[in-house]
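Per the working numbering, the sequence shown starts with residue 233, numbered consecutively. Input: a single structure, listed below in structure tokens.
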Amino acid sequence: MDSWPAPAVPSLPGRAPETKIWDTATGNLAVAASGPHATLYACGITPYDATHMGHAATYVAWDLLIRAWRDAGRQVSYVQNVTDVDDPLLERADRDGEDWRELAEREIALYRSDMAALRVVPPDHLIGAVEAMPLIERFNQQLADRGSVYELEADVYFTRFADPDFGSVSGLDTATMAELAAERGGDPGRPCKKDPLDPVVWTAERPGEPSWPSDFGPGRPGWHVECAAIATRYLGEEFDVQAGGRDLVFPHHEMSASHARVALANRKAFARRYAHAGLVRLGGDKMSKSLGNLVFVSRLLAEGHDPMAVRLALLAHHYREDWDWTDAGLAAATDRLAVWRAAASAADGNEAQGGGIGAAGLELLAAVRERIADDLDAPGAVRAVDEWAAAALAGGAAASGPLVAATADALLGIAL
Ligand code: 5CA
Ligand code: ZN
């Protein structure tokens, strides 16, 4: 499906250092990509409600990674899915008496405009589950060819025992896995499964629900095969980073990786690194469509907030942190943006007044690069710009405005 328009990303003098990110699977900081071509799969939205600040925070985090990779001279391939058929979407459409396709289409359109407003670099491929049906079907066939699936009352399950490396993404014990599976779309309590953790890869047609033909009979795909099939089809069997919110560590990322290793008969298949963002809360609870405690990007923009202030409010928190969205945070970001803009024009290009051409700008560029390369430390980068802005407003950073504006734009996605 269509992605969204790409923001212009200025190029900067010199080169960024290697970007390191925290890898959930190994519990270490690791170089995010080492080849000239970096590959990223970020789990996309389930479009049954508008983009909230939790979604926005995760996509802005991966956007920092992409910008850093590009700044380091890497070519980037970025793929994202849209879970445009799944239980929560069908349930919401049913509740509101709306066609599920219309609901999905409307929310995807809103998501695109929210992402564009926040200057998030679009994926090269934005792939819906519905349009990916033939490749998901092929992927499931590969799982079946490996003898790794079984039927239970016409539903088809993956047997986790087909994968000797099952558990290597989350590193959790079985009891915790079962608890999380029950909370997050799994059915560990269903009788007669070979193992409680086995995930469904094909759900047989249910009355009143959409279905697609397949060798397993009419039905629709399980959630984890969707991402396993799309990621490996568009990025290859092995790719650099799989990214999502921390709620996806288990079962989603564990299962997608496991499916891929088995379907492709490659123990190295799927991501080399697993990056997970902390969860954004509202009033102490995780912001979630199911709880309904949401602040929407689109609503803030409609209220007249500057999209760059919204983005700056997100960047004030490290992506791995859990934090609360507050009005005060947005107000502080709005003030900060005004200060940065005033500083950029105060330090705009007048060499005669202040000696060296943009020396303070080059220093700031190095500082922002260094902070972002260290596990996408946006708050550290923001502090560096704050310090520069204070100096510029005090008249001490002459001629650095244009380079700082380019730095904020290229690396932080903040247009001044
Ligand atoms: N379609 C699936 C992924 S394949 C899905 O999880 N969709 S979602 O709409 O529920 O979430 C989209 C992304 O936002 C995921 O990476 C999810 O982990 C992240 N996310 C959801 N809620 C929050 C939150 N409160 N804070 C941070 N990230 C969140
Ligand atoms: Zn996913």
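Ideal Cβ positions, reconstructed from N, Cα and C, are used throughout, including at glycine.
Check: Rounded to a whole number of angstroms, what is the C-alpha to C-alpha distance between Arg-327 and Met-347?; Outcome: 27 Å
Check: Any heavy atom of the ligand ZN closer than 7 Å to the Cβ of His-508?; Outcome: no
Check: Shortest alpha-carbon distance to Ala-460 belongs to which of Gln-312, Ala-336, Leu-562?; Outcome: Gln-312
Check: Rounding to the nearest angstrom, what Cα-Cα distance links Ala-386 and Phe-448 in this structure?; Outcome: 8 Å
Check: Rounding to the nearest angstrom, what Cα-Cα distance links Arg-209 and Phe-398 in this structure?; Outcome: Since the first and last residues shown for the chain are 233 and 648, residue 209 lies out of range.
Check: Have a look at Ser-522 and Arg-452 and give me their C-alpha separation to the nearest angstrom.; Outcome: 22 Å
Check: Cα separation between Ala-336 and Leu-358?; Outcome: 14 Å
Check: Taking contact to mean 3 or more Cβ pairs, one atom from each stretch, closer than 8 Å, check whether the region 628-641 and the region 239-246 are in contact.; Outcome: yes
Check: Looking at the structure shown, is Pro-279 part of a helix, part of a strand, or coil, going by DSSP?; Outcome: coil
Check: Counting Cβ pairs closer than 8 Å, one from the region 295-309 and one from the region 422-432, do we hit at least three?; Outcome: no
Check: I'd like the list of long-range same chain contacts for Ala-545, defined as Cβ closer than 6 Å, with 5 residues on each side in sequence excluded.; Outcome: Gly-561, Leu-562, Ala-565
Check: Looking at C-alpha atoms only, which residue of Ala-288, Ala-642, Leu-321, Val-401 is the closest neighbour of Phe-528?; Outcome: Ala-288
Check: According to the neighbour-count rule (16 or more other Cβ atoms, all chains shown, within 10 Å of its Cβ), is Pro-268 buried or exposed?; Outcome: exposed
Check: May I have the straight-line CA-CA distance separating Ser-309 from Ala-274, to the nearest angstrom?; Outcome: 11 Å
Check: Just checking my contact of Arg-513 with Ala-501 at CB under 8 Å: how many whole Å lie between their CB atoms?; Outcome: Between Ala-501 and Arg-513 the Cβ distance is about 34 Å, and since that is not below 8 Å, they are no contact.
Check: Any contact between the region 248-260 and the region 601-617? By contact I mean 3 or more CB pairs, one from each, below 8 Å.; Outcome: yes
Check: For the alpha helix (DSSP H) that contains Pro-320, what are its first and last residues?; Outcome: 319-327
Check: Confirm the yes/no value for this check: CB of Asn-498, any heavy atom of the ligand ZN, distance under 7 Å.; Outcome: no
Check: At the level of alpha carbons, what is the spacing between Met-487 and Arg-392?; Outcome: 8 Å
Check: Determine the extent of the alpha helix (DSSP H) in which Gly-286 is found, giving its start and end residues.; Outcome: 285-303
Check: Return helix, strand or coil for Val-473, following the three-state DSSP convention.; Outcome: strand
Check: How long is the line joining the alpha carbons of Ala-325 and Ala-248, rounded to whole angstroms?; Outcome: 46 Å
Check: Could you name the residues whose beta carbon sits closer than 6 Å to any heavy atom belonging to the ligand 5CA, keeping them in chain order?; Outcome: Cys-275, Gly-276, Ile-277, Thr-278, Gly-286, His-287, Ala-289, Thr-290, Asn-313, Thr-315, Cys-459, Gly-476, Gly-477, Asp-479, Leu-480, Ala-509, Leu-511, Val-512, Lys-518, Met-519, Ser-520
Check: Would you check if the region 254-266 and the region 615-623 touch, i.e. whether three or more CB-CB distances between them fall below 8 Å?; Outcome: no
Check: Would you report the Cα separation of Ala-541 and Val-381, rounded to the nearest angstrom?; Outcome: 49 Å
Check: Comparing the CB of His-357 with every heavy atom of the ligand ZN, is any distance shorter than 7 Å?; Outcome: no
Check: From this set, Pro-539, Trp-332, Arg-552, which residue's C-alpha is nearest Gly-259's C-alpha?; Outcome: Arg-552
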